[in-house]
Amino acid sequence: MDTVLDPFTGLDSFSSPYFDDDDFFTDHSSRDHLDTDDFLDEDVDFLTSQIQEYYKDSRIAQDGDYCDVGNFSFSSSSSTFSYGCADSTSELSPHRDGLLLKRRRRMRSETEMQQLRQAANVRERRRMQSINDAFEGLRSHIPTLPYEKRLSKVDTLRLAIGYINFLAELVQSDMPIRNPHSDTLNQPKKVIICHRGTRSPSPNDPDYGLPPLAGHSLSWTDEKQLKDQNIIRTAKVWTPEDPRKLHLKSSINNIENEPPFNCIS
Amino acid sequence: MQDQRKGDRETGLATVDSAEASHLYTSDACFTHLREEQNFSLLQKVTRDSVRQYLQFRPDQSVIILHAKVAQKSYGNEKRFFCPPPCVYLAGHGWKLRQEQLKASGLGESSCQLFGYMGLDSSTDPRTDSFKLSFEEQTDKRMFACAKTLYISDTDKRKHFRLLLHLFHSGGQEIGTFNSRLIKVISKPSQKRQSMKNADLCISSGSKVSLFNRLRSQTVSTRYLAVEDGAFVASARQWTAFTVTLVEEMHAVHSEYSMCDSYICYGCVVQLVCTDSGVALPPMVIRKVNKQHACLDVDEPVSQLHKCAFQFRDSNHMYLCLSNEKIIQFQASPCPKESHKVLLNDGSCWTIIGTEVVEYTFSESLAGHPTTISPVPMINGLELNGGGHVAMLELHGENFSPHLKVWFGDMEAETMFRSSRSLLSVVPDVSILSGEWRWMRQPITVPLSLIRFDGLIYRSSYSFTYTPEHSAPFQANVTAERTADSDSLIDTIHQEFTRMNFHLFMQS
Chain A
1 MDTVLDPFTG LDSFSSPYFD DDDFFTDHSS RDHLDTDDFL DEDVDFLTSQ IQEYYKDSRI
61 AQDGDYCDVG NFSFSSSSST FSYGCADSTS ELSPHRDGLL LKRRRRMRSE TEMQQLRQAA
121 NVRERRRMQS INDAFEGLRS HIPTLPYEKR LSKVDTLRLA IGYINFLAEL VQSDMPIRNP
181 HSDTLNQPKK VIICHRGTRS PSPNDPDYGL PPLAGHSLSW TDEKQLKDQN IIRTAKVWTP
241 EDPRKLHLKS SINNIENEPP FNCIS
Chain B
1 MQDQRKGDRE TGLATVDSAE ASHLYTSDAC FTHLREEQNF SLLQKVTRDS VRQYLQFRPD
61 QSVIILHAKV AQKSYGNEKR FFCPPPCVYL AGHGWKLRQE QLKASGLGES SCQLFGYMGL
121 DSSTDPRTDS FKLSFEEQTD KRMFACAKTL YISDTDKRKH FRLLLHLFHS GGQEIGTFNS
181 RLIKVISKPS QKRQSMKNAD LCISSGSKVS LFNRLRSQTV STRYLAVEDG AFVASARQWT
241 AFTVTLVEEM HAVHSEYSMC DSYICYGCVV QLVCTDSGVA LPPMVIRKVN KQHACLDVDE
301 PVSQLHKCAF QFRDSNHMYL CLSNEKIIQF QASPCPKESH KVLLNDGSCW TIIGTEVVEY
361 TFSESLAGHP TTISPVPMIN GLELNGGGHV AMLELHGENF SPHLKVWFGD MEAETMFRSS
421 RSLLSVVPDV SILSGEWRWM RQPITVPLSL IRFDGLIYRS SYSFTYTPEH SAPFQANVTA
481 ERTADSDSLI DTIHQEFTRM NFHLFMQS
């Protein structure tokens, strides 16, 4: 994704809704509060991951749980991030000026602005906390290597996708886990018999800890057919002698007749 | 639990009144002697232990019938004896054991011998219009006999028939009646180019054939290609069935004859492998013979009773040839007038004919008294159905009766008689065959047999395999006692995922 490599262009395109939204700076919205929150969530979430990704890669290993957009906006020297500050309009791209001018018409007091800022920060923190909790939940379901550090959010998502695919394939193919390329596909329809009567495994069992058997698949062979094929495969060649060459005795050569045979069973 | 059931049956039989008990056997004529003797001890003999003992030593008795697939009709007074002559082998150490058993039970030495009659299935009395077979023991301990003078008259209008073998103890006690496969009646070998549509006259790759050589069409001079003590011979007495197979390399050269994939055509490279010993002749090109000449340019399908010659591949016209009882190579001389023909001698012209081998195997080791073996049930195919908690194995074949039970190894399966061509059995749980199923992490293979009520065992060539399945089908039945199982299962999946997706972890 280009936006990951260049968070600034990403911001340009995705931050515009905030400035379009007239009710952004007020808690007494005429619109449904939840709707607005949801709307914001999507965009902020996306931004967060991008910003995190960017900072993680380029700067220091940031602890994802405690960094939110609010922190970034205040710690960053670049005013581009400080979308919450209405005064930093000078560095924004010109096309947004008209919108901001419109907003300026509704002048608010300094304390009013601080209250709004605090309320927005609280909301944002709560929102991030819920996302982080959900990530923690997802993380706990993903198998990791024993020495692996705690997964970052992006790795959590990436591994989750891989793991779901893996499970889906496992269910679909119904293959033995250990040897996925076994020759069990030879029989057209596999009939599996499950055990009757079950009991819980105990540590004394010889196979405790091994995955339990799903059952036994049933098959048969015709030994006569196998024997016939085997006779052809391991045939010893007996060559008759040519009476004109008496010194050449007829002999048995132990030749494995493998490829030249066209076995039809 | 199974033993419990067995016990129930025994006590049940002991208390049942004789009228009801005898009713069990009246349905089948071959059980009449059992009813006369009212001997219930016979039934008690078939236990898991006794079957296990049988499986360990396998004292089987086999009746093997070899015969040609086609027979030439005899017109008027002529008698065209079937060639090669149908022959019978009695194999397996069960015959000797049975003989000793009978001797021990007080029968004289002579009455323990065997003899038989072989005739057409149309014959009314086997003892008058059949060939009497007297068996002789060979060096390989098998008993051998062959019916040299059988023929089919043109008054018999059938297109197919069977041979019947009646086997007896010298005392006159019948062992049983055994059928050959169907034999096609032909008037004379086809002279026309054989069409592939005429499948039963063509010779397919992988089928069995016999080759014989007849000087000046004299029956007495007939010699059969045979294998004795690992060497090819031209025997006047015995013949061998060979598996004829196409050698693949030839397909590249004759790629336009894709039909050669299944049927043997002249010009193809074939190999003859002895069905008994596995000894083979080197790859040879099969050539059509016309008036003692091998035709090098003929590519039509080989047909029954055609005269043919076998040129050793890559040789300078060396041909398979007999010289008295020996098999040698013969140098054919080129034809001065025709470049696509070579001149052969008498010994290098062979007649080819498709053959069948039928084998009946049984064991009387658990059957106390002499009984009639036939009709011998034959299994031709199996079919599995069900799965989950109950799997059913259907047996397709011939000569099934309600007196038969299917046995998986030493375990009797619940068996339902559907018809003389179909039996249905419940596949026994693997835990019954070998301890607790959960520990069965190696495949288990058991032989399939049919055992008659009186203890007669019919061994089949089939074996049945239980293969452990490690992948759970992710069933939703998560009961309380299964949670431990699913935990360890999830662990395994986790391990497998991290092992297979190591690259995902390396990225971050």
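First to last, the protein sequences are chains A and B. The first sequence begins at 1 in full-length UniProt numbering and counts up by one. The second sequence begins at 1 in full-length UniProt numbering and counts up by one. Every residue gets a Cβ at the ideal spot worked out from N, C-alpha and C, and that includes glycine. Keep in mind that this is a model prediction, so the values were computed, not measured.
Beta-carbon spacing of residue i, residue j below 7 Å
i	j	result
Ile183(B)	Phe212(B)	no
Cys83(B)	Leu66(B)	no
Leu423(B)	Leu395(B)	yes
Pro301(B)	Cys265(B)	yes
Glu359(B)	Ile64(B)	yes
His169(B)	Gly116(B)	no
Lys148(B)	Pro189(B)	no
Leu404(B)	Ser50(B)	no
Ser187(B)	Lys73(B)	yes
Glu469(B)	Gly215(A)	yes
Thr361(B)	Ser62(B)	yes
Phe166(A)	Lys153(A)	no
Residue-chain proximity (residue i, chain A), Cβ-Cβ < 7 Å
i	result
Glu469(B)	yes
Phe242(B)	no
Val63(B)	no
Leu66(B)	no
Phe464(B)	yes
Limits of the unbroken beta strand (DSSP E) element including residue i
i	result
Asp222(A)	Gly215 to Asp222
Phe81(B)	No beta strand (DSSP E) holds Phe81(B); DSSP gives it neither H nor E.
Trp350(B)	Trp350 to Phe362
Tyr224(B)	Arg223 to Glu228
Ile175(B)	Glu174 to Asn179
Ser460(B)	Ile457 to Glu469
Residue i at chain B interface by Cβ criterion, 7 Å
i	result
Ile164(A)	no
Ala214(A)	yes
Lys224(A)	yes
Leu138(A)	no
Ile231(A)	yes
Thr156(A)	no
Asp242(A)	yes
Ser130(A)	no
Thr221(A)	yes
Ile192(A)	yes
Span separating the alpha-carbon of residue i from that of residue j
i	j	result
Leu393(B)	Ser425(B)	5 Å
Arg108(A)	Arg125(A)	24 Å
Arg123(A)	Ala168(A)	38 Å
Gly278(B)	Gln229(A)	10 Å
Met52(B)	Asp410(B)	What sits at residue 52(B) in the sequence shown is Arg, not Met. Going by the C-alpha atoms only, they are around 5 Å apart.
Gly387(B)	Arg287(B)	53 Å
Val406(B)	Arg459(B)	10 Å
Ala226(B)	Val233(B)	5 Å
Leu170(A)	Val247(B)	43 Å
Cys308(B)	Pro443(B)	48 Å
Tyr263(B)	Val298(B)	15 Å
Arg150(A)	Arg117(A)	33 Å
Own chain partners of residue i with C-beta closer than 6 Å, once the 5 adjacent residues on each side are dropped
i	result
Phe464(B)	Phe408, Val446 and Leu448
Glu137(B)	Met143
Leu97(B)	Pro59
Trp239(B)	Pro84, Ser210, Tyr224 and Ala226
Leu320(B)	Phe310
Continuous alpha helix (DSSP H) stretch holding residue i: start and end
i	result
Thr111(A)	Glu110 to Ser140
Leu97(B)	Gly94 to Ala104
Arg237(B)	Element bounds for Arg237(B): n/a, residue is neither H nor E.
Leu55(B)	Arg48 to Phe57
Val430(B)	Val430 to Leu433
Sequence-distant residues of its chain with Cβ nearer than 8 Å to residue i (five each side left out)
i	result
Lys208(B)	Ala241, Phe242, Thr243, Val244, Thr275, Gly354, Thr355, Glu356 and Val357
Lys69(B)	Arg181, Ile183, Lys184, Asp200, Gln304, Ile353, Gly354, Thr355 and Glu356
Ala391(B)	Leu384, Asn385, Val426 and Val427
Leu218(A)	Val191, Ile192 and Ile193
Ser326(B)	Looking at the sequence shown, residue 326(B) is not Ser but Lys. Same-chain partners within the cutoff: Val233 and Ala234.
Close beta carbons around residue i, own chain, < 7 Å, minus the five adjacent residues each side
i	result
Gln331(B)	His317 and Met318
Leu272(B)	Phe242, Val244, Ala280 and Leu281
Lys341(B)	His293, Ala294, Cys295, Leu296 and Cys335
Ser333(B)	Val342 and Leu343
Contact test: residue i Cβ vs the ligand COA heavy atom, cutoff 6 Å
i	result
Phe81(B)	The ligand COA is absent from the structure shown, which contains no ligand whatsoever.
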